[in-house]
Structures are given as structure tokens and as C-alpha cells.
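Here is the structure we will look at, set down as C-alpha cells.
Residue numbers (the numbering used here): 1150 to 1787.
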């Protein structure tokens, strides 16, 4: 229910934004359609735009069966041009007052052949809320394909609806980086200089981001069917190699949107060197507007590590780690124990369940231990990074390119500004947005009270000789500790079940696809790390029944006991309890990191070898399922 309300509120924000732009910005925000009267061989220029008074503007509600020249449609934010002497749609940003070319969209036939000639354009919708052009193209072989291109009032996306003969949409948006956002784990940052193949099939779940321009534009492709195959194409060599664009299939007639997020600093890229570990590095970049900014670092093992940038807390005492989960930008509301209390140790500043960090940016989670958060902004919105420094795990440290971009809005985000999630909700709508984000499934649950907190509370009582007067509190704490152990153990059992099922699945695929043995063996090796971690924690991991027995013995021998050795006896109990809790905490965090690694490796394998695509998609679907509803101690969002 809370997730549904959250998504609905997001949509209301988008709706109010459209109204603001449409009603408060004058003629610039009005939908306008022109016939240029002359067919141009060149793209629209600033000079052409300045002379648009010579064009024929088509009155609202008027439909047009054909154009004498080229067709131009704009809503004051983006502009689309269909030229008679061109076989593609040119898309421009126009918020600066002059058109700036950003993207070209070209239809491909069902056999993959591109459109080479525009046969006909018609204006089939021309209202206050939207304008839609219908175009018929031909391939070099004379085969026809049809699609309509729709621009809504106040939006930043052009919607493409396929018609007869249309098989794919080719989106040209040149740039070195492509980002595949992931709301369940880490993004996939594609660096064209590291991809040797001419094209790669990527596991994009409904959207991908082309980082284009000079850090001033993001072309976001959104498609309503996650089964739509997506390929990214590459060209060039060495440091000049780029991702030229993407090709998205119109599976079952599904629509595709191309959105333009624009503005100076809308994305920023930088490199991290080995020697940067642990050093504070000012970025030559300032956050252009308040939002939830995500930084995708490249780890030394080639995987992506996604972190939300911290921003200063309003009270001036530390930082806030933003979240889109229920409870506001500061993070989800604290979970309560069975008696309605908050585990203050877990939710303290820098704690594993807290979204507040102190001025030193120190935090503790499993796997990383105590660390310094690696990316943040100051009160002047200047960006900083301090790449992770880990004494034991080189694979967790950063090296290589990093990219920062706005993934979601905050309450302070300007109403007329779009982020990645804003584009998704404004195109796909409430239901699909709710399904993809799965807000409730991403909530970090914290059940009971951490065993180390139980130890501290019991120590305070027994040190003050209050055990006889606080038996109710003691029993509550024992129950809280058991609840905590049960919850973490349930998560571990899910990972164990996942390991078992995945090993069986990979074994079957090896027999079915012997040609993929090398890649499947790599996946098996990652899964085998779960076995290694289980073996490492074998002595410390105990069943909840073991903790039940500990509590039974405590109530029998220690609850009413106030002898001189009561603290020593208490220590025997708390040592055993925290050994279970600590072992579980470490194991559940390690399990999650291994599954996150498998999820990314499957995606990379798909990009390198298209024949692995179906298996890669299945692996990613299974990893997403087990990653849902994490415990706070898994470090789901470091």
C-alpha cells in the first residue's frame, strides 16, 4: 500500500510539473507544428530556427495529410524534425532557446534493413495535449514500414509507436559511456573503449542511458516490454572508441520513448587511479540541481559499484544518504521490534540500517566493515570522492572510469527538472513504474534487535544489579535477539536455496550448450564462492533452535541470579549469542555481494557473447528474486 501511494505521489509530481511548464512559461511551452515549405538536405540549424516565421505553422486541431517541406514539432523543451530528404527523425534539445542536435532515430524493418527513404508524413493528432506524426518509410529493397512519433505537452520524450513493417528502432546518440540502471543491485557501466565487438546485446530492463554531448545531455531510451532485445553498437578505436547508439526491438508492438535530460553537468565522468585509494579528491563538477545522484565506480575486477552521493544534512551535523523508499529522502522509516521499540544501535549515525552519517562519513556494513563513504557533495554542491581503501579485499577497491548522473528526485528537486525515475514514470505510467521499482520489495528490513545491542543492554542491567527488577525488559531483549537471528537465518537459507537451484540450472545448461562451457564454468565458479563462505562460517553459524536453547538456559540459571559471578556468567551467554549473530551478519552480507557479482557477470557475458543472452537473462531474473526484501545487515545499499 505504501509503495502504491509513493508511486502515485511521484506521478502527481510529474503531472504538476507538466501543468507548471504549460501554464507558467508562455508560448515557449505550447505544442507547435510547422511545415517548413522546403525540403532541406541538411539538419536544422540555429539560422533555420531563427527564420521559422517563414514556415507555415499548422493551427491547433488541424490535421494534415501531407507536408510540402519538412515537418517540425516542438513543445518548448525538445524538438523533432522529419525531413523529406532524410530517412530518420532528428531530435533536438531546445531549452537554451536554440536547437541543439542530440539524437537521431531510424526505423529498421523486420529483417533488420534500415529505412532509406521517407515516403509520406501525415499529422494525425494535433491537440492541446499532444501532437503525433505518422511516417511511412521504405528500405533500399522497396519494403515499407510505418511508425508514429508522438510528443506530449511539457514532456521531454518522443514516443515511437510501431506500425506495419517496423521491426526495430535505431537510436543514434554517440558517446563513450552507456549506463544500464539497476534498482536492485549495481548499475552496469559500459565503457566503449573496453568493448571489442561491433555490437553487444545488453540486459536492459526497460531502459538505458546514453551519456552524450559534453556532460550536458543524457538520451534515455525507455521501452514498455522488458523482453524487447536491445543491442548497443560501437565504432572507433583506442581512446576514441564510442558507443554509436542502440537498436531496440518492437516486441509485440511495444512502444519506445527517447527522452532528453539536458543541462550543464547533467552527467560527469572521471577516472580513478590505484594511488587515489583513500584520498579526498575534489571533482571538477558541481551538482547542477538537488536530486539523488548516483555514482558508478569501476572496481578493480572490472565490475560496477553503484553509490548514491551523500548531501549535507540541514542541521549541519553530517550527511544524508538519499533514498526513494517510503519515509522520505532521508531513507525508509525505522523497523520496530516486537514491542514497538527501535534498535538504536542499528539506526545510530553510521549504523547499518541508518541513512545518516556523521561529518567523518564513517559507516559500518558487513563485508566492508568500517569504511569512509566514497562520494558526497558539500554545501556549495561541489562534488567529492574518496575511493575505498580496503586492506584485505583488492577486488572491492576502485580503478577506472566513473560516471555520475541523477537517478531520482528529492523534495528539493525543481519541479521542472527530470531525473531517470521521473522519465520512467512519465512514460510507462503508474502500474508499470510500481512493478519495475518494486519499492516494497527493496525495503531493507531490520527485525528484532542486533545481538551486539542485546549484549550491551544486558550488560547495563547486570552491571547495575537490576536483573531482578527488570525481568520484563530482559525477556524482551532475549526475544528481540532471537527474532534478529531468525530473520537473518531466513535470508541465509534463501541464498542457500538459490545456490542449490542455480548450480542445478547451470549444470543443465552445460549439457544443453557445450559451446558455452567456458562462460558457464565462470558462473559456476562465482556460485561456488557461496560454498566457500558457508564453510568459513560453519563453526559460528548455529540454528535458531540453538539460540532458543541459550535463552532457555539463561532464564533458568541467570534471570534471577545476582551472585558475584553474574557478569562472568552473562558474558558466557552474550559471547555465544554474539558469535551466532556476528557469523550470520558476515555470511548474509557475503552472500549478497556474491549474488550481485553473478548478476553483473551474467550481463557482461551477454554483451561479449550474444549466444549467452537467454541464459544471462534467466540468471539475472533469478538473482533479482533473491535480492528482494534484504535485511539491513546485507548492505544492500552501501
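Ideal placement from N, C-alpha and C gives every residue a C-beta, glycine not left out. Here the structure is a predicted model, which means the values were calculated and not measured.
| Check | Outcome |
| --- | --- |
| Excluding the 5 residues preceding and the 5 following residue 1635 in the sequence, name in chain order all residues of the same chain whose CB lies nearer than 7 Å to its CB. | 1693 |
| Is residue 1425 near residue 1629, with beta carbons less than 9 Å apart? | no |
| Using DSSP with H/G/I as helix, E/B as strand and the rest coil, what is residue 1612? | helix |
| Looking at the structure shown, is residue 1177 part of a helix, part of a strand, or coil, going by DSSP? | Model confidence at residue 1177 stands at a pLDDT of 44, short of 50, so the residue's coordinates are unreliable and nothing is read from them. |
| Any C-beta of chain D sitting closer than 9 Å to the C-beta of residue 1692? | The displayed structure is made up of one protein chain only, and chain D is not part of it. |
| Quick test of your reading: residue 1297 and residue 1281, contact by CB under 8 Å. State the CB separation rounded to the nearest angstrom. | 5 Å |
| For residue 1664, name the three-state secondary structure that DSSP assigns. | helix |
| So does the stretch 1730-1740 actually touch the stretch 1304-1323, counting three or more Cβ pairs closer than 8 Å? | no |
| Report all residues from its chain with a CB closer than 6 Å to the CB of residue 1341; omit the five preceding and five following residues, and keep chain order. | 1325, 1383, 1390, 1391, 1392 |
| Assuming the contact rule is C-beta atoms closer than 8 Å, residue 1737 and residue 1637 should be a hit. Round their C-beta distance to whole Å, please. | 5 Å |
| Between residue 1746 and residue 1675, which are expected to be in contact by the criterion C-beta below 8 Å, what is the C-beta distance as a whole number of angstroms? | 6 Å |
| So residue 1242 packs on residue 1349, CB below 8 Å; how close in whole Å? | In fact, because the Cβ distance is near 27 Å, the residues do not count as touching under 8 Å. |
| Are the CB atoms of residue 1188 and residue 1218 nearer to each other than 9 Å? | yes |
| From this set, 1420, 1431, 1418, 1357, which residue's C-alpha is nearest residue 1396's C-alpha? | 1357 |
| Can residue 1222 and residue 1300 be called in contact, C-beta distance under 9 Å? | yes |
| For residue 1267 versus residue 1232, is the C-beta spacing smaller than 9 Å? | yes |
| Rounded to the nearest angstrom, what separates residue 1265 and residue 1245 at their Cα positions? | 32 Å |
| Answer yes or no: do residue 1501 and residue 1410 have a C-beta to C-beta separation smaller than 9 Å? | no |
| Of the residues 1506, 1489, 1572, which one's Cα is nearest the Cα of residue 1497? | 1506 |
| Would you mind stating whether residue 1272 and residue 1213 have Cβ atoms separated by less than 9 Å? | yes |
| Helix, strand or coil for residue 1651? Go by DSSP, reduced to three states. | helix |
| Using the Cβ count rule (16 or more neighbours within 10 Å means buried), how would you classify residue 1173? | Only weak support is given to the placement of residue 1173: the predicted model assigns it a pLDDT of 36, under 50, and the value that follows is read from those uncertain coordinates. Label assigned to residue 1173: exposed. |
| Go through its chain and collect everything with a Cβ distance to residue 1216's Cβ below 6 Å, but skip five positions before and after it. | 1184, 1270 |
| Note down the Cα distance separating residue 1612 from residue 1690, rounded to an integer number of angstroms. | 29 Å |
| Alpha carbon to alpha carbon, how far is residue 1483 from residue 1513? | 17 Å |
| Just to confirm, is the Cβ distance from residue 1764 to residue 1751 under 9 Å? | yes |
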